[in-house]
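Worksheet: the structure to be examined is printed underneath.
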Amino acid sequence: MEDTARFDVDVAIIGGGVAGLWTLNRLCRAGYNAVLLESRALGSGQTMASQGMIHGGMKYTLSGALTGASEAIADMPDHWRRCLRGEGDVDLRRAEILSDHFYMWSTASITSRLGGFLASKTLRGRVDKVSRRDLPDLLKHPGFKGTVYRLADVVMDTPSVVRALAENMSGRIFKIDWPSVSLNTDSEGHTRLQYQDSQYPFTLAARAWVFSAGRGNQDLLDAVGATRPTMQLRPLKQVMVRHNLPYSFFGHCLGAETTPRLTISSHPMGNGSQVWYLGGSLAEKGVDQDDETLIGRARGELTALMPWLDLKTADWAVLPVERAEPRQQNLSRPDNAFADWVCREEGATDCIVAWPTKLTLSPNLAQIVMARLDERNIRPGGGPAPAIQLPAPEVAPTPWETAFA
Ligand SMILES: Cc1cc2nc3c(=O)[nH]c(=O)nc-3n(C[C@H](O)[C@H](O)[C@H](O)COP(=O)(O)OP(=O)(O)OC[C@H]3O[C@@H](n4cnc5c(N)ncnc54)[C@H](O)[C@@H]3O)c2cc1C
């Protein structure tokens, strides 16, 4: 039989979006010998497609009082800030902030509802009403009639987050190629990864596996014969508009519904141009529309909200993307990060499946993974990174770099 190298680690993570990368950082800092395996480029799924808003859950509370879940998210902006200063559980000093605040604004028609809500006691200290004099440049126009609030929550440059998390862990992140890889369970129920490369076959064994592959988790669950937990996908169609207007803006425009009518984040593209990345209700309802119709709607929304903008020479593109999450009743949005042991018909496995459900909640997710390991008495074993002969994956391009290349 062929001589196959074998590597043993405490934890092997599959999937290198923000969830896997954050968890890898957290575990290694705690003394676990952990590695991460990525099949494409780091952040290729939802992470690079995200708007980078690290929010304290404010937009989820629009329908009423703060729930327990939104209280859990409320600490996240401060948690990320500690990491950005190098004082948190993960070192994000090399990551970049796009904005240290974002706005919530309403058109004149729903102003009173927004005002009443944001002025409530619960939210004091985190939200400021913006006077007309201090309006952001984009809205500083005599034609603007709404009300604007400023939230002290950060917006991250997501590619820099992915890069920072990956650089912290160099030597522990490997690119795998699925036709050459299989996940198998041995006679004692332990999961093993076999790499059947003709030049360099190896087996990777781990005391626990973490599946953090976003929508790719379903294939991993199938590969280990898991029946629970199950996944849901909620599609979106984001719109990207590249232009040379000078306004960099981050915010949610609130409409009559509980989902923001329009969310705008801004991403520099070089040569003075930038992309506005448009989400919110526009992107949720857009899934039933063809690209041309959706772009027409996006144009219509921007014109209705800010008729003074000239977007005649702008370029437009659409990004279909799916949010991968643990299944909820009625396919609703989960409130919390999720990580739990996977079950097969014949019992439990040594695999955890994880979905952060929000970029914001990645620290929360890593904490839950640590608690899951702890409950099975899987303690940090330490040791150097295994000398696996595979290259490190690249960092994925952003959707707008791809669309407007
Ligand atoms: C349009 C959009 C906007 C968003 N905006 C925000 C926001 O502003 N704020 C916020 O908090 N959240 C936001 N989110 C949610 C957030 O982006 C996600 O919750 C988060 O990025 C999920 O990260 P992840 O690592 O679980 O998955 P992903 O980012 O999808 O990463 C999965 C990784 O696993 C890899 N992979 C897949 N299959 C395999 C396999 N078989 N083997 C190895 N690797 C594999 C993929 O290539 C990918 O790199 C947004 C989401 C979307 C879609």
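So the number in our numbering is just where the residue sits in the sequence shown, counting from 1, plus 807.
Beta carbons: idealized from backbone N, C-alpha and C, even for Gly.
Given the structure is predicted, the values throughout are model-derived calculations rather than measurements.
In this structure, the straight-line span from the alpha carbon of S989 to that of T1156 is close to 16 angstroms. Per DSSP, the unbroken alpha helix (DSSP H) holding W1207 starts and ends at 1206-1210. Contact between the region 1021-1039 and the region 1132-1139 is present, with at least three C-beta pairs closer than 8 angstroms. In the DSSP assignment, P1127 falls within the unbroken beta strand (DSSP E) covering 1122-1133. DSSP places E845 within a strand segment (E or B) once states are collapsed to three. Closest option to G978, judged by alpha-carbon separation, among W1207, A1192, L891: A1192. By the Cβ test, the region 1160-1178 is in contact with the region 881-896, since at least three Cβ pairs between them sit closer than 8 angstroms.
By the beta-carbon neighbour count (other beta carbons within 10 angstroms, threshold 16), N832 is buried. Collapsing the DSSP output to three states places G1154 in a strand. In this structure, V1046 sits near V1125, with a CB-CB distance shorter than 7 angstroms.
S857 counts as buried, since no fewer than 16 other beta carbons sit within 10 angstroms of its beta carbon. In the three-state reduction of the DSSP assignment, V968 falls in the helix class, which pools H, G and I. If only complete runs of 3 or more residues are kept, the region 1017-1069 shows the beta strand (DSSP E) at 1033-1035, 1038-1050, 1058-1061, in order along the chain. Between L958 and Y1054, the C-beta gap is not smaller than 7 angstroms, which leaves the two residues out of contact. For Q853, the uninterrupted alpha helix (DSSP H) run begins and ends at 853-856, by DSSP. Comparing alpha carbon positions, the residue from G827, A1194, A915 closest to I1159 is G827. A distance criterion of 6 angstroms places the beta-carbon of L942 beyond contact range of ligand 1, judged by its closest non-hydrogen atom. DSSP, read as helix, strand or coil, puts H948 in coil. Within the chosen limit of 6 angstroms, ligand 1 does not reach the beta carbon of G864 with any heavy atom.
One alpha carbon belongs to R892, the other to S1005, and they sit about 45 angstroms apart. When Cβ pairs closer than 8 angstroms are counted between the two stretches, the region 980-994 is seen not to touch the region 1105-1121, the count staying below three. The shortest C-alpha to C-alpha distance from V1082 to any of L843, A1210, H908 is the one to A1210.
A1013 places its beta carbon 7 angstroms or farther from that of V1149. The residue from H948, F951, Y956, K947 with its alpha-carbon nearest to that of V937 is Y956. Residue burial annotation: S851 is buried, with at least 16 other C-beta atoms found within 10 angstroms of its C-beta. Under the DSSP definition of a beta bridge, W912 partners with V955, C1060. P986 sits in a helix when the DSSP states are folded into three classes. Separation of the CB atoms of R813 and F1009 is rounded to 7 angstroms, and the pair is thereby assigned contact status at 8 angstroms.
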